[in-house]
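Step one of this worksheet: look at the structure below.
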Amino acid sequence: MITLQGKGVSGGIARGRLSFLKRKSLSVEKRAIDNVELETERFHAARATAAEQLDQLAGTMTDKIGKENALLFEIHRMMLEDTDYTDPILDIITSEKVCAEYAVNTAGSCLAQDFADMDDEYMKARAIDVYDVSKRVIRILSGEDQSLGENGGPVILAADDFTPSETAQLDRNATLALVSRHGAANSHTAIFARTMGIPAVISFGAFLSGDLSGKQAAVDGETGVLYIDPDPEILKKLEEKEERQRREKENLEKRRGKPTLTKDGRPLKLYANIGSVSDADAALAGDAEGIGLFRSEFLYLGRNDYPDEDTQYESYRKALEKMGGRQVIIRTLDIGADKQADYFKLPEEENPALGMRAIRICLTRPDLFKTQLRAIYRASIYGNASIMFPMINSLEELVRAKEMAKSAREELASKGIAFKADVPIGIMVETPASAVISDVLAKEAAFFSIGTNDLTQYTLAIDRQNDSLSSFCDTRHEAILRLIRLACENAHKAGIWCGVCGGLGGDYSLTKAFVEMEMDELSVEPSRILKLRSIIAEC
Ligand code: PEP
Ligand code: MG
3 MITLQGKGVS GGIARGRLSF LKRKSLSVEK RAIDNVELET ERFHAARATA
53 AEQLDQLAGT MTDKIGKENA LLFEIHRMML EDTDYTDPIL DIITSEKVCA
103 EYAVNTAGSC LAQDFADMDD EYMKARAIDV YDVSKRVIRI LSGEDQSLGE
153 NGGPVILAAD DFTPSETAQL DRNATLALVS RHGAANSHTA IFARTMGIPA
203 VISFGAFLSG DLSGKQAAVD GETGVLYIDP DPEILKKLEE KEERQRREKE
253 NLEKRRGKPT LTKDGRPLKL YANIGSVSDA DAALAGDAEG IGLFRSEFLY
303 LGRNDYPDED TQYESYRKAL EKMGGRQVII RTLDIGADKQ ADYFKLPEEE
353 NPALGMRAIR ICLTRPDLFK TQLRAIYRAS IYGNASIMFP MINSLEELVR
403 AKEMAKSARE ELASKGIAFK ADVPIGIMVE TPASAVISDV LAKEAAFFSI
453 GTNDLTQYTL AIDRQNDSLS SFCDTRHEAI LRLIRLACEN AHKAGIWCGV
503 CGGLGGDYSL TKAFVEMEMD ELSVEPSRIL KLRSIIAEC
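The sequence shown begins at 3 in our numbering and counts up one residue at a time.
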């Protein structure tokens, strides 16, 4: 038996034959051309066909991967219209006098590499989308269809990486699990696999070699382990685990729709963290009682320019409508540090995590901030919205940010535009400074939500992006727990509620500690909600 360790991105257990995805080969030659105009037209025609195919996919894939996930294909279509994508291709055709296939391949690979080199994990994961789009256009130019090769199922399907188009096309009944050498946990491939209920493990690197094709294997999507020629004992253990998971799932399902109560009957709110309107579906599917953190900066990422007020308003309105009266806490722009967008033209900094980020940008650029605030206030009439400021360090910052919210309200009022005037305004407690002066901040905030990801980074002086420091990063360090406790106590003394929206909120080993602190809310990944509800009932 061989045991390979990867990164589990979609849970579940599968057993069966391992088979490498048979892709129709795609050879791209550098062919010289005489007529640049004709070749440019060929490219535009292929682009138009690709756009039609993507429109169709966006329409037909909804049953399989969900309506919001299928929107990815619309984003692929938009990429085909983006001059950042098309200009370099046209340049290569014109300047090098080469065929469109070669130009698409070269420029597409270059752009994909640019994404792959970015620091932000979300942007990094977009590289495969660029590759996917380019492959589609090249296949059209070469007169090939887009279907997958015959893989003979049911099999555990292996590949270097799977493009979103490939994953969406998979036959669920013929695909027991997905395993890949590369990939990203937040790639659309991983998201699709989770939606389709296919176990998936990524990042095996070269260990997942072609020689393994045809061997019997077993995958555990939770632990990220792939067993080749599994021993009977391992198979037995996996079967038992599968049965346990099935029973646990059945038990947790009984908690769906029920209130979250501690052992002595104290209510605690279990909310979900989301990064887009589409995530609100997952929040509802996970039985979230509200949204504790809408990371609004994702509306600003992956674009060439600032989203305007109407675009933002639409997103906030849709999220509020989807959540139907449940509380939705919209965190204002938290860009900078690990989340960069070129058009912000942020200064080059030695230490971006300690630099111009989040509320600091918003206080420095009132127009930008007020555009977002107006959009939130306009949307507020469609549900139960709250506003939350990130990275607040001082009372002065909080007061200034609240003044800008007031000014946004006045602007709307002067134009006769409807909004809710009493949207609660809270803050994230995510720096040691804010936790230490939480007694002062609590007087001006409607609530606290503790951002333990940044609080950990700033308390322990450990860069949250630096994997090589993980052995030094004790996320349950007493210093962090004391700061959390202090903020929670100060919130209660001032008569406001306190929650946790950083990763620690979903750490089951800390649930009891949070209940003992009388934390009022935990905002977590939707898939953790039912389990947390069951743990809280025992605390
Ligand atoms: C946090 O810092 O804990 C948090 C929730 O914010 P983000 O992870 O988006 O920085
Ligand atoms: Mg943070």
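Note that beta-carbon positions come from the ideal geometry of N, C-alpha and C, so glycine has one too.
Here the structure is a predicted model, which is why all the values come from computation and not from measurement.
I need the straight-line Cα distance from asparagine 306 to aspartate 344, nearest angstrom please. 8 Å
Provide the residue(s) that pair with threonine 177 in DSSP beta bridges, ordered along the chain. Val157
Looking only at its own chain, which residues have a Cβ that is under 7 Å from the Cβ of alanine 197, when we skip the five neighbours before and after it? At residue 197 the sequence reads threonine, which differs from the alanine that was named. So the list reads Ile67, Gly68 and Asn71, once near-sequence residues are dropped.
Nearest-angstrom Cα distance between isoleucine 439 and glycine 453? 15 Å
For the alpha helix (DSSP H) that contains arginine 44, what are its first and last residues? 38–62
Can you tell me whether glycine 501 is helix, strand or coil according to DSSP? strand
Nearest-angstrom beta carbon gap, glycine 294 and serine 451 [assumed within contact, 8 Å]: 6 Å
For valine 132, which residues of its own chain have a beta-carbon under 8 Å away from its beta-carbon, when the five flanking residues on both sides are left out? Met81, Tyr87, Gly110, Leu113, Ala114 and Phe117
Closest by C-alpha distance to isoleucine 538, when choosing among Met521, Ser529 and Asp340: Met521
Is the beta carbon of alanine 284 closer than 7 Å to that of valine 11? no
Quick test of the definition: if touching needs 3 or more C-beta pairs under 8 Å, does the segment 21–41 touch the segment 91–110? yes
Heavy atoms of ligand 1 versus C-beta positions, residues under 6 Å: Leu295, Arg297, Asp336, Glu432, Gly453, Thr454, Asn455, Asp456, Cys503 and Gly504
In the DSSP assignment, find the unbroken beta strand (DSSP E) run with tyrosine 273 in it and report its ends. 271–276
Alpha helix (DSSP H) segment containing threonine 85, residue limits: 85–98
Between which two residues does the alpha helix (DSSP H) containing methionine 198 stretch? 190–198
Which one or two residues does DSSP pair with isoleucine 429 in a beta bridge? Phe391 and Phe450
Inspect the beta-carbon positions of leucine 485 and alanine 437 and report whether they are closer than 7 Å. yes
Assuming contact is defined by CB atoms lying nearer than 7 Å, are leucine 524 and glycine 507 in contact in what I supplied? yes
Answer yes or no: do glycine 226 and lysine 9 have a C-beta to C-beta separation smaller than 7 Å? yes
Cα-Cα separation between glutamate 235 and threonine 5, rounded to whole angstroms: 14 Å
Determine whether the beta carbon atoms of glycine 374 and leucine 335 lie at a separation below 7 Å. Checking the sequence shown, residue 374 turns out to be glutamine, not glycine. The answer is yes: Cβ separation under 7 Å.
Any idea if serine 199 is buried or exposed, counting beta-carbon neighbours within 10 angstroms, 16 or more meaning buried? Note that residue 199 is glycine in the sequence shown here, rather than serine. Under this definition glycine 199 is an exposed residue.
So, with DSSP's three-state summary, where would you put valine 517? helix
CA-to-CA distance, leucine 400 to methionine 519, given in whole angstroms: 25 Å
Distance, Cα to Cα, aspartate 509 vs glycine 326? 28 Å
Are there 16 or more other CB atoms within 10 angstroms of the CB of serine 416, so buried, or fewer, so exposed? exposed
In its own chain, which residues sit with a C-beta less than 6 Å from the C-beta of alanine 355, not counting the 5 before and 5 after it? Ala339
Alanine 447 and glycine 428 closer than 7 Å at C-beta: yes
Taking all protein chains shown into account, decide if proline 528 is buried (16 or more other Cβ within 10 angstroms of its Cβ) or exposed. buried
Is isoleucine 158 near alanine 219, with beta carbons less than 7 Å apart? yes
Determine the extent of the beta strand (DSSP E) in which leucine 20 is found, giving its start and end residues. 15–22
Going along the chain, which unbroken runs of the alpha helix (DSSP H) with 4 or more residues stay wholly within the segment 248–297? 281–287
Please classify glutamine 467: does DSSP put it in a helix, a strand, or coil? coil
For glycine 389 versus valine 425, is the C-beta distance shorter than 7 Å? A quick correction: the sequence has isoleucine, not glycine, at residue 389. Contact flag set, yes.
With 16 as the cutoff for other CB atoms within 10 Å, does arginine 248 come out buried or exposed? exposed
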